[in-house]
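Down below is the structure, laid out as structure tokens.
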Amino acid sequence: MGSETALEVHGLTRTFRRGGDTEIRALQDVSLTLQQGEFVVVLGTNGSGKSTLLNEIAGGLPPESGTIEIAGQDVTRWPEHRRARLVARAFQNPFTGTAPNLTVAENLALAAQRGSGNRLAPALGRERMEMISQRVAELGMELEDRLETPMGQLSGGQRQALTLLMATLVRPELLLLDEHTAALDPRMAEKVMRLTQKMIHREGLTTLMVTHALPQAIRYGDRVIMMHRGRIAVEFSGAAKRMMRVQDLLDRFDQLRAADLLDESAEAMLRRLYV
Amino acid sequence: MNLLIGALTFGLIGGLLAVGVYLTFRLFATVDLTAEGAYGLGAAAAGVLLAAGINPLFATIAGGLAGAAAGVVTGLLHTRLGVPRLLAGILTSTALYAVILFLMHGGDLSLAPHRTLVSIAEKAGADLVGGDGELILFGTPVGARNWMGFLYSFVLVAGTIFALGVFLRTELGLALRATGDNPRMATAQGVDVGMKLVLAYALSNGLIGGSGAIFAQYVGFANVQLGVGAMVTGLASLMIGETVFRRGGPWRGLAAAVAGAILFRLLVAGALMAGLNPNALKLVTATFVLVALLVGRALPGRNGADGGGATHGL
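Residue numbers (this note's numbering), protein chains in the order written: chain A, 1 to 275; chain B, 1001 to 1314.
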């Protein structure tokens, strides 16, 4: 009752190809807590476990060990579609989050009925259509005149912006963003990121965002965690996060490497991504 | 004119089959071979009930329910046991062959001596004009019996398809369509995609079973071979219809399926009258579907930026 914790991950472990020569320890005893309204950015190289972490929280992977609580409810054994009542997400591929042969309005209607939609009521009732039309207009992307257009005819950026809107149409307890601007051109990525920030602020959404882009990690969020080899290697929060500059992050990577917490390839990758 | 009315009637009945194929082939981009068994099962189940003196409308509905049950079996084989979709459909269809033989105590069942939708329709027609009289329709005489038979099938088929069209635009229907279009997205929006797939298979084969049940009454018999080629007939109908109604929302898809089934029947009637050997009919139909698939592939962009996806994800 009245828990302030939006997400509580405890001792999460996930191994791929267990026991084989190519065993991958994607997550090793990861624990993470997000307070309500907190915006946490996750950094890490490919294979660091950040996407696996997001997938475990969303329910796309069955749990190996550890527990996941969302808004005070133990969802460890919930299937993905059931967790969707609490968790909304946007994917890296802008085509993943929307249905191409349904119209824009139908996609949004499906999002509007998230967690309740097994009824025989009309999906596109007048009230709902008005709400959808208004929310789409608020995006400022002139999509409100294209509600009857099949989603597949829109651009990746437009689809990603609508995916974000769909994620927040019914307020989720937790918003998961999996490199959702990585596949967009820089201008559109910036636009979608600003939109993301606006929605998170307006609704006070608890958010976990995975990104490759260091500038995003610096500009956005209350806390940055960096994953490496299936563990949370570094964390910046509070004043450290607010004062953080790119150089600080890079210095920290150097220290980590010296301490053998981060190998050279990972650091090189992060530098390359930034520069 | 009597021939035309007959073709229209069988076209409408085939419309239910085409709509069933539309549900899996277009909305779920998959080929569900349960159709072959479900069509014959619907005919057999209805036939057995009619022979037992059950009300023809109930017997027809029961035929549809039997088809739906077959669809549930295929759906569960796929979603619960992980059997590939094509194989799941073939397994169910093969097993149904035996089920049909058991039900009918043999390969054939004549419905001529029993009360059926057709006998009721014909009686109503006879009562209307007295005996074997004719109605004048567009200046041409039409047998009242044929006309009533057509009218009965029209009411049944149109009513069913209207209900389906309304359903596809409900919240549950939308979740169903989203599952077929993008299961990952549907899951992320809280849709239990496994259940929706089973439901789609049930609906599809329910319609196909119903089509078989009505068809059996109009031809006056049920036969274990009745379902052979049902899938390809449904596909051919759908593809013909889609040249008339371009793809769009569910209403357009349903209209295309029914219109296509009617055109298919008219084309078949025309081809037979022009001297086509009836034995060659399935060869011609299969060739037609193949050509339509190849032409469809050569003309991309007919169905949105992502393509129709009709031939993948089997």
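For every residue, glycine included, the Cβ atom is placed at its ideal position computed from N, Cα and C.
Quick check: the Cα distance between tyrosine 1039 of chain B and glycine 1064 of chain B, rounded to an integer number of angstroms? 9 Å
Where does methionine 227 of chain A fall in DSSP's three states? strand
Between tyrosine 1242 of chain B and chain A, is there a C-beta pair that is closer than 7 Å? Note that residue 1242 of chain B is glutamate in the sequence shown here, rather than tyrosine. Glutamate 1242 of chain B does not count as touching chain A.
So within the stretch 1134-1202 of chain B, which uninterrupted beta strand (DSSP E) runs reach at least 3 residues, ignoring any that extend past its ends? 1134-1137, 1140-1143
Can you pull the chain B neighbours of proline 94 of chain A, defined as C-beta to C-beta under 9 Å? Here the premise fails: no neighbours, minimum Cβ distance about 11 Å.
Against chain A, which members of the stretch 1073-1093 of chain B pass a CB distance test of less than 9 Å? none
Given a limit of 7 Å on CB to CB distance, which residues of the stretch 112-126 of chain A reach chain B? Gln113, Arg114, Gly115, Gly117, Asn118, Arg119, Leu120, Ala121, Pro122, Ala123, Leu124
Neighbourhood of arginine 1169 of chain B by C-beta, 7 Å cutoff - its chain only, sequence neighbours within 5 removed: Pro1250
Presumed contact (8 Å Cβ cut-off) between tyrosine 1152 of chain B and alanine 1121 of chain B, rounded CB distance: 4 Å
Looking at alanine 58 of chain A and glutamate 173 of chain A, is the spacing between their C-beta atoms short of 7 Å? no
Going by the C-beta, is arginine 202 of chain A closer than 6 Å to any heavy atom of the ligand FMN? Here there are no bound small molecules, and the ligand FMN is not part of this structure.
So is arginine 83 of chain A buried or exposed if we call it buried at 16+ other beta carbons inside 10 Å? buried
Closest residue to glutamate 130 of chain A among A:Asn93, A:Gly19, A:Leu61, A:Ala112 (Cα-Cα distance): A:Ala112
Would you please verify whether the beta carbon of leucine 1174 of chain B is less than 7 Å from any beta carbon of chain A? yes
Taking the runs of the alpha helix (DSSP H) that are 4 residues or longer, which of them lie wholly in the stretch 184-220 of chain A? 186-203, 214-219
Return helix, strand or coil for proline 1250 of chain B, following the three-state DSSP convention. helix
For histidine 81 of chain A, which three-state DSSP category applies? helix
Does DSSP put threonine 1285 of chain B in a helix, in a strand, or in coil? helix
Taking the alpha-carbon positions, what's the valine 1289 of chain B to alanine 1255 of chain B distance? 19 Å
Can you tell me whether histidine 1105 of chain B is buried or exposed? The criterion is at least 16 other CB atoms within 10 Å of its CB, across all chains shown. exposed
In whole angstroms, give me the CA-to-CA distance for histidine 1078 of chain B and threonine 1024 of chain B. 14 Å
Show which residues of chain A have a CB atom less than 7 Å away from the CB atom of methionine 1185 of chain B. Thr96, Gly97, Thr98, Ala99
In terms of residues, what are the limits of the beta strand (DSSP E) holding arginine 128 of chain A? Run containing arginine 128 of chain A: none in the beta strand (DSSP E); it sits in the alpha helix (DSSP H), 126-138.
What are the start and end residues of the beta strand (DSSP E) that includes threonine 33 of chain A? 24-35
Simplified DSSP state of glycine 59 of chain A, which is helix, strand or coil: coil
DSSP three-state assignment for alanine 90 of chain A, whether helix, strand or coil: strand
Cβ pair count under 8 Å reaching 3, the stretch 1039-1055 of chain B against the stretch 1255-1270 of chain B: no
How is leucine 1087 of chain B classed by DSSP in three states: helix, strand or coil? helix
Since serine 65 of chain A and valine 210 of chain A are thought to touch, with beta carbons under 8 Å apart, how far apart are those beta carbons, to the nearest angstrom? With 8 Å as the limit, serine 65 of chain A and valine 210 of chain A do not qualify as a contact, their Cβ atoms being about 22 Å apart.
If you check the beta carbons only, do serine 48 of chain A and histidine 228 of chain A fall under 7 Å apart? yes
At a CB distance below 7 Å, what residues from the stretch 54-84 of chain A approach chain B? Give them in sequence order. Glu80, His81, Ala84
Hey, alanine 99 of chain A and asparagine 107 of chain A are a contact pair by Cβ (cut 8 Å); roughly how many whole angstroms apart? 6 Å
Which residue comes first and which comes last in the beta strand (DSSP E) that contains valine 41 of chain A? 39-44
Can a CB atom of chain B be found closer than 7 Å to the CB of arginine 146 of chain A? no
So, does the stretch 1176-1184 of chain B touch the stretch 1198-1205 of chain B, judging by three or more C-beta pairs under 8 Å? yes
DSSP-derived helix/strand/coil call for isoleucine 70 of chain A: strand
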